[in-house]
Amino acid sequence: IRNNARSRVEYPPQPEVEFGFPQTCYCGAKPVLATSNRYGLDPGRRYYTCANVGDGECHVWKWWDNAVMEEMRARDQHVLQLAEKVDNLTLLSDYETEQKVLRLEKIVSDLVWLSCKMIVEQELGNDQLIDN
Ligand SMILES: [Zn+2]
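Numbering (full-length UniProt numbering), first residue to last: 1 to 132.
1) Please report how far the alpha carbon of Glu-101 lies from the alpha carbon of Asp-42, in whole angstroms.
2) Give the secondary structure of Thr-97 by DSSP, where H, G and I count as helix, E and B as strand, and everything else as coil.
3) Strictly under 8 Å for the Cβ-Cβ distance: is Lys-85 near chain C by that measure?
4) So if DSSP puts Arg-46 in a beta bridge, which residue, or which two residues, is it bridged to?
5) With DSSP run on the structure shown, which of helix, strand or coil describes Trp-63?
6) So Gly-44 and Ser-36 are supposed to be a Cβ contact under 8 Å. How far apart are they, rounded?
7) Suppose you measure from the CA of Ser-115 to the CA of Arg-75; what does that come to, to the nearest Å?
8) Starting from the Cα of Trp-64, find the closest Cα among Gln-81, Pro-22, Arg-73 and Asn-52 and give me that residue.
9) At a threshold of 7 Å, does Val-32 count as lining ligand 1 (C-beta to nearest heavy atom)?
10) Please report how far the alpha carbon of Trp-113 lies from the alpha carbon of Ala-67, in whole angstroms.
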């Protein structure tokens with residue numbers, strides 16, 4: 001086991017692993033969701049890990065709820081920008097502008113709905129249990 005440290009490969013950090021839902025592990029594999037159940041470490045809390053985690057290399061490890069918060073924050077920014085546009089449009093009021101405002105409000109609510117749907121699908125899609 002000691003010999004493995006000598007032949008250790010350094011994988012370059014991948015920015016997409018650092019923010020939001022990890023898409024690719026440092027080793028190139030698709031991250032999987034696991035549930036914390038050992039070491040007294042927040043039992044039941046879900047986290048991203050990698051199927052190759054046993055090989056001693058560097059692999060993704062991230063709490064799932066932290067990833068959700070990052071994704072939500074990014075979407076909040078987008079929704080805020082849209083909401084500002086809606087406010088600006090509301091200042092001018094004619095029939096055409098009101099229609100634009102209605103469309104923008106629909107886009108905003110669709111966005112919120114989509115982010116919830118995406119998070120649920122992300123969780124279900126990645127739900128492979130790993131005995132860790
Ligand atoms: Zn990996």
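Beta carbons are placed, not taken as given, at the ideal position from N, Cα and C, and that holds for glycine.
Note that this is a predicted model, so its numbers are computed, not measured.
So, from the data block:
1) Sequence index remark: in the sequence shown, residue 101 carries index 101 (1-based). Sequence index remark: in the sequence shown, residue 42 carries index 42 (1-based). Strictly speaking, residue 101 in this sequence is Val, with Glu absent from that position. C-alpha separation (whole angstroms): 45 Å.
2) Position 97 of the sequence shown holds residue 97. Three-state result, Thr-97: helix.
3) Among the protein chains of the structure shown there is no chain C, as only one such chain exists.
4) Translated into positions along the sequence shown, residue 46 becomes position 46. BP columns for Arg-46 point to Thr-35.
5) Residue 63 sits at position 63 when you count from the first residue of the sequence shown. The answer is strand: DSSP assigns Trp-63 an E or B state.
6) Position 44 of the sequence shown holds residue 44. Position 36 of the sequence shown holds residue 36. Their Cβ separation, rounded to whole angstroms, is 7 Å, which keeps Gly-44 and Ser-36 in contact under 8 Å.
7) One-based indexing of the sequence shown puts residue 115 at position 115. One-based indexing of the sequence shown puts residue 75 at position 75. If I take the Cα positions, the gap works out to 7 Å.
8) The residue labelled residue 64 in the question sits at position 64 within the sequence shown. Residue Pro-22 is the option with its Cα nearest to Trp-64.
9) Within the sequence shown, residue 32 is the residue found at index 32, counting from 1. No; taking the cut-off as 7 Å, the Cβ of Val-32 has no heavy atom of ligand 1 nearer than that.
10) Along the sequence shown, one-based indexing puts residue 113 at 113. Along the sequence shown, one-based indexing puts residue 67 at 67. Looking at the two C-alpha atoms, the distance is approximately 18 Å.
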